[in-house]
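S.K.: Numbering (our numbering), first residue to last: 155 to 581.
1. Can you grab the Cα-Cα spacing for the pair residue 216 / residue 483, in whole Å?
2. What residue range does the alpha helix (DSSP H) around residue 297 cover?
3. Given this structure, state the Cα-to-Cα distance separating residue 562 from residue 341, to the nearest angstrom.
4. Taking residue 408 as the reference, which of 432, 297, 356 and 398 has the closest Cα?
5. With a threshold of 6 Å on Cβ separation, who are the neighbours of residue 496 within its own chain once the five nearest residues in sequence on each side are excluded?
6. Would residue 248 and residue 257 qualify as a contact pair, given that the criterion is a beta-carbon distance under 8 Å?
7. Within this structure, are the beta carbons of residue 489 and residue 332 separated by less than 8 Å?
8. Check whether the stretch 539-559 and the stretch 354-372 touch, using three or more Cβ-Cβ pairs below 8 Å as the test.
9. Drop a sphere of 10 angstroms on the beta-carbon of residue 218, count the other beta-carbons inside from all chains shown, and report buried for 16 or more, exposed for fewer.
10. Any chance the stretch 233-241 sits against the stretch 260-269, with 3 or more Cβ pairs inside 8 Å?
11. If you drop the 5 nearest sequence neighbours on each side, which residues of the same chain put their C-beta closer than 7 Å to that of residue 201?
12. What residue ranges within the stretch 198-261 form continuous alpha helix (DSSP H) runs of no fewer than 4 residues, ordered along the chain?
13. What are the complete beta strand (DSSP E) segments, minimum 3 residues, inside the stretch 475-543?
14. CB residue 494 to CB residue 554, shorter than 8 Å?
15. By DSSP's criteria, residue 553 is part of a beta bridge. Which residues make up the other side?
16. Quick check on DSSP: helix, strand or coil for residue 391?
17. Judging by CA-CA distance, which residue of 287, 323, 481 and 448 is the nearest neighbour of residue 460?
18. Can you give me the C-alpha to C-alpha distance between residue 565 and residue 303, rounded to a whole angstrom?
19. Output needed for residue 444: all residues of its chain with C-beta closer than 8 Å, excluding positions within five of it in sequence on either side, in chain order.
20. So which of 498, 183, 442 and 377 has the shortest CA-CA distance to residue 306?
21. Exposed or buried, residue 472, counting other C-beta atoms within 10 Å across all chains shown (16 or more means buried)?
22. Short check: CB of residue 474 to CB of residue 550, under 8 Å?
23. Looking only at DSSP bridge pairs, what is residue 279 linked to?
24. In whole angstroms, what separates the C-alpha of residue 519 from that of residue 395?
25. On the DSSP bridge assignment, give the partners of residue 138 in chain order.
26. Round the Cβ separation of residue 371 and residue 363 to the nearest angstrom and send it over; I've been treating them as touching at under 8 Å.
27. Provide the residue span of the alpha helix (DSSP H) that contains residue 333, from first to last.
28. Pick from 469, 250, 231 and 244: whose alpha carbon is nearest that of residue 220?
29. Rounded to whole angstroms, what is the Cα-Cα separation between residue 156 and residue 327?
30. Am I right that residue 400 and residue 442 are in contact with their C-beta atoms under 8 Å? What's the rounded C-beta distance?
31. For residue 462, count neighbouring Cβ atoms within 10 angstroms of its own Cβ and tell me buried if that reaches 16, exposed if not.
32. Please report how far the alpha carbon of residue 173 lies from the alpha carbon of residue 376, in whole angstroms.
33. Tell me whether residue 194 sits in a helix, a strand or coil according to DSSP, three-state version.
This is the structure we're talking about:
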């Protein structure tokens, strides 16, 4: 029985890796043209090549740009031939002397996810770029560059498996891995239009809309959340599944002066509150984790700190321009978790402090087709890693993790009389 299970696991992994759309048959049939003199290549028009192995269609094109020309092998997808799609090969040669410069192979339907193959003496070298960041470089392949022009991509995967984590590049897409997160994100999305944007607004443990600063009640005709109130609302849905209650704002405002900050920020805890977003997101994540694990946890225990190819700074987090790659890594390696983000940047005058200025909910996942969704929810709208980075250039983002589950129950988005916790909440 164990042997059968082991074989099934191997088969599953192999199917995952080699679901990659190959066009090596088309490249092999065009080998003479690929290596032909420049004038011969440029004289050839677009061709559609049917591969006998699987019946798939590959488009061959030649393009000239600046001092180079490109030979493109593009796989058909739903009757179209998108250049920046999984499996596309772009072979680049020098226009003047015809020398090969590189081959770019797209790993996903994204312009910044690819491997670059290039010649070094008589060998082929490789680097791998994932969402704009080079995560592997100078990988020496046991092939000549002439061979990789026509080799199946699966051969390159096999040859580099000891160096490159191909399970990260081509992850498991089993729907059960992300079922809870899919349900959670759908429920959040369905409620976004019901949320009013109210500065300093949140909902307390008893269902009343209040202002975070002094817990005074909001006006009945303008009740809603700011970004902090929104992430609490999402957190409350998961906290309820463990306790049957919602979190207290007073508890979430607790400062941990002994575990974060510095002598410059300490002087401005009252007038600037520079670490509010950090304390808030950490307190929410740890409160939920303590109920899930039934034990007391450290204030920093839910932090996301260890992500390959990304540099974490204490109490600041990661550069926001790396957020998309980080979310992808977390989607693959922590499929059951969502994440609270605290965006921070240099802010203010006299003095300039690192200020936590915005919070959001991150729900990264991989869909059944292997596509990556970098879902970010902010107050009453949905955005993405690119959009967040565009709004906060040069900022950092600190992340805390929350484990999801089948049970969640968001507070009703209607004001309720303050008659004690649980009086008006679904159980």
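Each residue gets a CB set at the ideal place from its N, CA and C atoms; glycine is no exception.
M.R.: Working from what's here:
1. Looking at the two C-alpha atoms, the distance is approximately 35 Å.
2. Looking at the DSSP string, residue 297 is not in any alpha helix (DSSP H), and its letter there is neither H nor E.
3. Rounded to whole angstroms, the gap between the alpha carbons of residue 562 and residue 341 is 10 Å.
4. Of the listed residues, the one whose Cα sits closest to residue 408 is 432.
5. The beta carbon of residue 496 sits closer than 6 Å to those of 431, 432, 435, 510, 513 and 552, all from its chain and outside the five residues before and after it, given in chain order.
6. Contact: no.
7. Cβ atoms of residue 489 and residue 332: closer than 8 Å.
8. With a cut-off of 8 Å on Cβ pairs, the stretch 539-559 is not in contact with the stretch 354-372, counting fewer than three such pairs.
9. Under this definition residue 218 is an exposed residue.
10. Yes, the stretch 233-241 is in contact with the stretch 260-269.
11. If we look at residue 201 and ignore the five residues flanking it on each side, its Cβ neighbours are 214.
12. Within the stretch 198-261, no complete alpha helix (DSSP H) segment of 4 residues or longer occurs.
13. Taken in chain order, the complete beta strand (DSSP E) segments of 3 residues or longer contained in the stretch 475-543 are 491-501, 507-520, 526-532 and 535-537.
14. Closer than 8 Å, so yes.
15. In DSSP, residue 553 forms a bridge with 495.
16. Helix, per DSSP.
17. Ranking 287, 323, 481 and 448 by CA distance to the CA of residue 460 puts 481 first.
18. If you take the alpha carbons of residue 565 and residue 303, they lie about 58 Å apart.
19. Leaving aside the five residues that flank residue 444 on each side, the residues in its chain whose CB is nearer than 8 Å to its CB run, in chain order, 450 and 451.
20. Among 498, 183, 442 and 377, the Cα nearest to that of residue 306 is on 183.
21. By the neighbour-count definition (other C-beta atoms within 10 Å, threshold 16), residue 472 is a buried residue.
22. Yes, the Cβ-Cβ distance between residue 474 and residue 550 is below 8 Å.
23. DSSP lists 272 and 294 as partners of residue 279.
24. Annotation: residue 519 to residue 395 spans about 22 Å, alpha carbon to alpha carbon.
25. Not covered by the structure: residue 138. The range shown for the chain is 155 to 581.
26. Going by Cβ atoms, the distance from residue 371 to residue 363 rounds to 7 Å, so yes, they are a contact pair.
27. Start and end: 333-345.
28. Comparing Cα-Cα distances from residue 220 to each of 469, 250, 231 and 244, the minimum goes to 250.
29. Confidence at residue 156 is low in this model, with a pLDDT of 43, below 50, so its placement is unreliable and the value that follows should be read with caution. Distance between the alpha carbons of residue 156 and residue 327: 23 Å.
30. That pair is no contact at about 11 Å.
31. Exposed.
32. If you draw a straight line from the Cα of residue 173 to the Cα of residue 376, it comes to about 52 Å.
33. The three-state secondary structure of residue 194, taken from DSSP, is helix.
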